[in-house]
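Taking UniProt numbering, the leading residue of the sequence shown gets 1, the next gets one more, and so forth.
Remarks on the structure that follows.
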Amino acid sequence: MSEESFDLDTAEKRRTLWIVLLLNLGLAAGFGVSGVMADSSALIANGLDNASDGIVYIISLLALSRSQAWKRGAAVTSGILLLLFAAGVLLDAGRRYFSGSEPIGPTMIGMAIIAAVVNGLCLWLLKRLREPDVNMRAATTFSLNDFVSNGGIILAGVIVVWTGQNWPDLIVGIAVAAIAVKGGLEILRDARSDAGTKGANQ
């Protein structure tokens with residue numbers, strides 16, 4: 001189906017979000033299992049990120065048939081969840097720094113490549129939506145953040161294999177948290193801007 005024929009009605013939005021939701025839940029499970037097996041802060045961080053994304057997509061699905069104010073509220077919730085997730089990742093990275101860890105580089109690389117393909121698909125699906133509302137833009141921000149994070153994990157995995165040290169894994173875990181903070185603040189800013197625009201038009 002071409003971009004021009006992609007209908008932006010509620011049914012299409014709902015179907016797109018359901019697909020992205022299921023893909024993110026699958027990634028969350030994959031990251032969680034591989035993160036524990038590989039003793040990787042970066043993989044676990046991305047697993048938590050995808051799990052929080054899943055929650056946000058559920059909120060987004062509920063918001064589709066609601067008022068614009070309800071959608072802005074859902075977007076604000078999304079932004080706050082991202083900030084809370086970032087705080088959890090930073091605490092885990094700090095724990096691993098002091099207690100030590102032995103991440104497995106090849107597992108990090110393999111899981112990140114799989115996730116990059118899936119997140120690329122999610123981003124493509126969301127980008128096909130024309131004139132998305134604030135809630136759909138939040139979903140797109142999540143997928144873009146995840147795609148960038150996957151690249152960081154691949155690089156960290158290569159350095160872990162090369163050096164045998166855990167610091168690249170910890171750095172990427174912290175970087176994922178920083179990306180989450182940036183995304184969360186952007187979503188909150190977008191929601192505030194949307195509210196100001198709607199208020200000015202009334």
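Note that beta-carbon positions come from the ideal geometry of N, C-alpha and C, so glycine has one too.
From a predicted model like this one, the values you see are computed outputs, not experimental measurements.
Excluding five sequence neighbours on each side, which residues of the same chain lie with their C-beta closer than 7 Å to the C-beta of residue i?
i	result
Leu25	Gly54
Ala38	Pro103, Ile104, Thr107 and Met108
Ala28	Gly47, Asn50, Ala51 and Gly54
Ile113	Ile154
Gly88	Leu48
State buried or exposed for residue i, treating a residue as buried only when at least 16 other CB atoms are found within 10 Å of its CB.
i	result
Leu17	buried
Phe6	With a pLDDT of only 34 at Phe6, under 50, the local geometry of the prediction cannot be trusted, and no value is derived from it.
Gly95	It is worth fixing the name first, because residue 95 is Arg in this sequence and not Gly. Label assigned to Arg95: exposed.
Phe98	exposed
Gly151	exposed
Ala11	exposed
Leu62	exposed
Ser34	buried
Thr163	exposed
Ser2	Reliability fails at Ser2, whose pLDDT of 33 lies under 50, so the model's placement of it is uncertain and the value that follows must be treated cautiously. The residue is exposed, with fewer than 16 neighbouring Cβ atoms inside 10 Å.
Span of the alpha helix (DSSP H) holding residue i?
i	result
Gly105	Gly105 to Lys127
Ser101	Element bounds for Ser101: n/a, residue is neither H nor E.
Measuring CB to CB, does residue i end up less than 9 Å from residue j?
i	j	result
Leu188	Val172	no
Val148	Ile179	yes
Ala139	Leu121	no
Leu90	Gly184	no
residue 214	Ala177	What is shown of the chain runs 1 to 202, which leaves residue 214 out entirely.
Ser40	Ser78	no
Val118	Leu23	yes
Leu123	Ser143	yes
Which residues in the same chain as residue i place their Cβ atom closer than 6 Å to its Cβ, once the five residues preceding and following it in sequence are excluded?
i	result
Ala191	Arg72, Ala75, Val76 and Val134
Val161	Gly105
Could you name the residues of the same chain whose beta carbon sits closer than 8 Å to that of residue i, not counting the 5 residues immediately before and after it, in chain order?
i	result
Ile58	Leu21
Asp9	Any reading at Asp9 is ruled out, since the residue's pLDDT is 47, under 50, leaving its predicted position unreliable.
Asp92	Ser41, Ile44, Ala45 and Gly173
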